[in-house]
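Novice: Encoded as structure tokens, here's the structure I'll be asking about.
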Amino acid sequence: MIRLTPEAQVYLEDYLADVRSAVAGHQSVSPIDIEQDVREHVFAALEGAESPVTATQLAAVLDRLGPPAEWVADEPRSIWKYLADRLKPVGHRAVEGIKALPGEAYQAGRGLAARVRGMSHDWRLAYITLGLFVLGMIFPPLWIASYFVARADLSSARERGETLGARRWLVYPPLLIVSVVLFLALAAWPIAPAVRLSHEIPRALKTEVADIMHVSPKAVQPVAAVYLAIGAVSIWWAIASLLVLRWPGLPAVLFPPFGAKIRRIDATIVLLLSATVFVVWLSKVDTAWQVAQEVLRRL
Amino acid sequence: MDEISLTATLHNHILGIMESDFLDNWTTQLRKGILELGVLAALRGRRLYGYDIVKRLGNIPGLVISEGTVYPILSRFKREGLVTTTLVESNEGPARKYYELTPLGRRELTRMRESWRAVRDGIDSLSEEST
Chain A
211 MIRLTPEAQV YLEDYLADVR SAVAGHQSVS PIDIEQDVRE HVFAALEGAE
261 SPVTATQLAA VLDRLGPPAE WVADEPRSIW KYLADRLKPV GHRAVEGIKA
311 LPGEAYQAGR GLAARVRGMS HDWRLAYITL GLFVLGMIFP PLWIASYFVA
361 RADLSSARER GETLGARRWL VYPPLLIVSV VLFLALAAWP IAPAVRLSHE
411 IPRALKTEVA DIMHVSPKAV QPVAAVYLAI GAVSIWWAIA SLLVLRWPGL
461 PAVLFPPFGA KIRRIDATIV LLLSATVFVV WLSKVDTAWQ VAQEVLRRL
Chain B
16 MDEISLTATL HNHILGIMES DFLDNWTTQL RKGILELGVL AALRGRRLYG
66 YDIVKRLGNI PGLVISEGTV YPILSRFKRE GLVTTTLVES NEGPARKYYE
116 LTPLGRRELT RMRESWRAVR DGIDSLSEES T
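Residue numbers (our numbering), protein chains in the order written: chain A, 211 to 509; chain B, 16 to 146.
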């Protein structure tokens with residue numbers, strides 16, 4: 211059995227980390243297969259070499275293998291993996307920051323870094339996700355970084371046909387928060403222009419408009435806001451449901467991994483409900499039309 | 016050196032760089048497709064492990080610049096069902112993964128070789144016409 215010097219072992223692990231990083235996210239290949247092949251290649255190439263193999267001997271083999279970044283340069287790659295790779299320099303800078311810490315803080319940081327380094331690649335990614343999420347409570351932009359790393363972790367698991375298992379407790383928090391915020395923003399955005407439009411009814415006209423609407427002058431603006439919001443939201447939800455029916459993978463892309471549970475039948479139910487609300491809303495459109503005419507006439 | 020000869024030298028130098036870049040790019044593209052054919056051809060009628068495939072392809076001048084480029088190709092072929100793998104224990108290191116062609120891989124190799132021959136013959140006939 212070929213043995214490597216500790217220095218050569220670290221060198222090999224670093225090279226394999228580069229291999230994983232270079233091929234990760236490329237949908238046409240399996241990072242696990244390639245890493246396995248490269249490890250096997252290295253040991254086959256060193257067959258017959260004096261044991262333990264030094265870093266210099268290993269370097270000759272790795273040089274012939276070439277830089278992993280060039281192996282799959284033209285292959286299609288997942289956007290989340292690409293972004294996670296772009297964030298790698300941030301991680302390197304964090305490590306440099308830990309190195310610059312004085313005394314005990316440095317030792318603690320180094321211990322933590324060593325533990326993270328010793329973990330499997332997947333768990334490392336999961337812990338980095340949670341770490342960025344926790345640090346994001348102090349510096350919120352890190353939540354975005356945490357979200358990207360979480361999506362990269364999900365992509366990795368999906369490529370291998372695995373589930374996250376216990377790692378989900380580390381990976382889900384940023385995904386959940388971003389998904390909820392994004393869902394609320396996408397679901398409720400028509401309310402903002404509807405409320406804004408309701409403010410367009412001039413104060414001087416409120417008595418006339420109140421008569422048309424059969425409400426008190428004070429209730430004119432709130433009732434108009436609610437009416438317009440219901441109309442706008444019901445139309446928007448109907449459109450959104452049609453989009454999901456046309457592209458069923460859309461929720462999974464927007465709200466991973468929770469969106470994957472939204473099925474065509476759910477979209478159909480929302481479409482029917484929003485269409486019903488819209489039809490009911492239309493039954494009151496003549497009142498709205500009278501209000502609009504009155505406002506336009508007086509303006 | 017006068018101004019004219021300096022300009023001419025620079026011009027030739029730039030042209031040289033452009034020609035060299037063009038040739039590098041062309042060679043890379045050409046090698047990429049041929050390397051895939053080479054991987055399938057190396058596996059024709061036999062079972063080989065990764066390192067062995069790389070060494071055999073390395074014997075063809077100019078085909079394999081970085082040995083590692085072969086492994087993503089093998090991985091892709093496995094995903095596409097062109098090759099299948101078997102793990103065999105090794106005394107020297109990690110278990111060896113042997114690759115062999117599937118029936119689909121054999122069919123694809125035949126098609127690629129026909130296409131390669133047609134291109135090669137076409138280019139040869141063009142060259143013969145011009146001489």
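Built from N, CA and C at the ideal position, the CB exists for glycine as well.
1) Between Ser261 (chain A) and chain B, is the shortest Cβ-Cβ distance under 7 Å, so that the two count as touching?
2) Using a Cβ-Cβ cut-off of less than 7 Å, give me the residues of the stretch 248 to 274 of chain A that come near chain B, in sequence order.
3) Any idea which residues DSSP pairs Lys416 (chain A) with across the strands?
4) Return the residue from the list B:Arg94, B:Asn40, B:Leu78 that minimises the CA-CA distance to Leu116 (chain B).
5) Looking only at its own chain, which residues have a Cβ that is under 6 Å from the Cβ of Asp496 (chain A), when we skip the five neighbours before and after it?
6) Leaving out five residues on either side along the sequence, give the residues of the same chain with a beta carbon under 7 Å from the beta carbon of Trp131 (chain B).
7) Is it true that the stretch 439 to 448 of chain A meets the stretch 475 to 493 of chain A, where meeting means three or more beta-carbon pairs spaced less than 8 Å apart?
8) Closer than 9 Å, Cβ to any Cβ of chain B: which residues of the stretch 435 to 464 of chain A, in chain order?
9) Along the beta strand (DSSP E) that carries Lys112 (chain B), what are the first and last residues, could you check?
10) For Gly276 (chain A), would you say it is in contact with chain B, using Cβ-to-Cβ distances shorter than 7 Å as the test?
11) Enumerate in chain order the residues of its own chain whose CB-to-CB distance from Tyr524 (chain A) is below 6 Å, with the five nearest sequence positions on each side excluded.
12) Would you say Tyr86 (chain B) reaches chain A, if we count a Cβ-Cβ gap shorter than 7 Å as a contact?
13) So what does DSSP say about His251 (chain A), is it helix, strand or coil?
14) For the 8 Å Cβ check, are there 3 or more pairs between the stretch 362 to 381 of chain A and the stretch 393 to 402 of chain A?
15) Nearest to Ala232 (chain A) by CA position, among A:Pro403, A:Ile354, A:Pro277, A:Thr266, is which residue?
16) Distance check for Gln44 (chain B) and Phe37 (chain B), CA to CA, integer angstroms please.
17) Comparing C-alpha positions only, which one of A:Val271, A:Val501, A:Gly469 sits nearest to Glu418 (chain A)?
18) Just list the residues that DSSP pairs Val263 (chain A) with in beta bridges.
19) Whose Cβ in chain B lies nearer than 9 Å to the Cβ of Asp363 (chain A)?
20) Is Leu78 (chain B) helix, strand or coil when you go by DSSP?
21) Tyr113 (chain B) CB to nearest chain A CB: under 7 Å?
22) How far does the beta strand (DSSP E) with Thr486 (chain A) in it reach, from first residue to last?
23) Is the CB-CB distance between Glu217 (chain A) and Ala279 (chain A) below 7 Å?
24) Kindly indicate which three-state DSSP category Val463 (chain A) falls into: helix, strand or coil?
25) Comparing the C-beta of Leu335 (chain A) with each C-beta of chain B, is any distance below 7 Å?
26) Got a sec: does the ligand GTP put a non-hydrogen atom nearer than 6 Å to the Cβ of Val248 (chain A)?
27) Please confirm if Val282 (chain A) has its CB atom under 7 Å from at least one CB of chain B.
28) For Leu374 (chain A) and Ala362 (chain A), I'd like the C-alpha separation in whole angstroms.
29) Residues in its own chain within less than 7 Å of Val103 (chain B) by CB, not counting five upstream and five downstream?
30) Using the Cα positions of Pro87 (chain B) and Tyr66 (chain B), report the straight-line distance between them to the nearest angstrom.
31) Are any of the Cβ atoms in chain B nearer than 7 Å to that of Ile242 (chain A)?
Specialist: Here's the rundown:
1) Translated into the one-based positions of the first sequence, residue 261 (chain A) becomes position 51. Chain B, which has no Cβ nearer than 7 Å to the Cβ of Ser261 (chain A), makes this no.
2) Val248, Arg249, Glu250, His251, Phe253, Ala254, Ala255, Glu257, Arg274
3) For this step, residue 416 (chain A) is matched to residue 206 along the first sequence. According to DSSP, Lys416 (chain A) bridges with nothing at all.
4) One-based indexing of the second sequence puts residue 116 (chain B) at position 101. If we check each option's Cα against that of Leu116 (chain B), B:Arg94 comes out closest.
5) To locate residue 496 (chain A), count along the first sequence from 1; it is residue 286. Answer for Asp496 (chain A): no residue qualifies.
6) Along the second sequence, one-based indexing puts residue 131 (chain B) at 116. Hits under 7 Å: Leu52.
7) yes
8) none
9) Translated into positions along the second sequence, residue 112 (chain B) becomes position 97. Element bounds for Lys112 (chain B): 111 to 116.
10) What you label residue 276 (chain A) is simply residue 66 of the first sequence in a count that begins at 1. So yes, Gly276 (chain A) belongs to the interface.
11) For residue 524 (chain A) there is no data in the structure shown, the boundaries of chain A being 211 and 509.
12) The sequence position of residue 86 (chain B) within the second sequence is 71, counting from 1. With 7 Å as the cut-off, Tyr86 (chain B) counts as an interface residue toward chain A.
13) Here residue 251 (chain A) is taken as the residue at index 41 of the first sequence, counted from 1. His251 (chain A) falls in the helix class under three-state DSSP.
14) no
15) The residue you call residue 232 (chain A) lines up with position 22 of the first sequence. Taking only the C-alpha atoms, the option nearest Ala232 (chain A) is A:Pro277.
16) If you number the second sequence from 1, residue 37 (chain B) lands on position 22. If you number the second sequence from 1, residue 44 (chain B) lands on position 29. The straight-line gap from Cα to Cα measures roughly 11 Å.
17) For the purposes of this step, residue 418 (chain A) is taken as residue 208 along the first sequence, with counting starting at 1. Minimum Cα distance to Glu418 (chain A) is reached at A:Val501.
18) The count along the first sequence starts at 1 and reaches residue 263 (chain A) at position 53. A:Leu214.
19) For the purposes of this step, residue 363 (chain A) is taken as residue 153 along the first sequence, with counting starting at 1. The premise fails here: Asp363 (chain A) is roughly 21 Å from chain B at the closest Cβ pair, so nothing lies under 9 Å.
20) Position 63 of the second sequence holds residue 78 (chain B). Correct three-state label for Leu78 (chain B): coil.
21) Locating residue 113 (chain B) in the second sequence gives position 98, where the first residue counts as 1. No, Tyr113 (chain B) lies away from the interface with chain A (no Cβ there is under 7 Å from its Cβ).
22) As a first step, residue 486 (chain A) is located in the first sequence; it is residue number 276 there, counting from the start. No beta strand (DSSP E) holds Thr486 (chain A); the alpha helix (DSSP H) holding it covers 474 to 492.
23) In the first sequence, the residue the question calls residue 217 (chain A) occupies position 7. In the first sequence, the residue the question calls residue 279 (chain A) occupies position 69. No. Outside cutoff.
24) Within the first sequence, the letter at position 253 stands for residue 463 (chain A). Three-state DSSP puts Val463 (chain A) in a helix.
25) For this step, residue 335 (chain A) is matched to residue 125 along the first sequence. So, not an interface residue.
26) By its list of ligands, the structure shown contains no ligand whatsoever, and the ligand GTP lies outside what it can speak to.
27) One-based indexing of the first sequence puts residue 282 (chain A) at position 72. Yes, because at least one Cβ of chain B sits closer than 7 Å to the Cβ of Val282 (chain A).
28) Here residue 374 (chain A) is taken as the residue at index 164 of the first sequence, counted from 1. Here residue 362 (chain A) is taken as the residue at index 152 of the first sequence, counted from 1. Answer to the nearest angstrom: the Cα atoms are 12 Å apart.
29) The residue given as residue 103 (chain B) occupies position 88 in the second sequence. Hits under 7 Å: Ala110, Arg111, Tyr113.
30) For the purposes of this step, residue 87 (chain B) is taken as residue 72 along the second sequence, with counting starting at 1. For the purposes of this step, residue 66 (chain B) is taken as residue 51 along the second sequence, with counting starting at 1. The straight-line gap from Cα to Cα measures roughly 13 Å.
31) Taking the first residue of the first sequence as 1, we reach residue 242 (chain A) at position 32. So no, Ile242 (chain A) is outside the interface.
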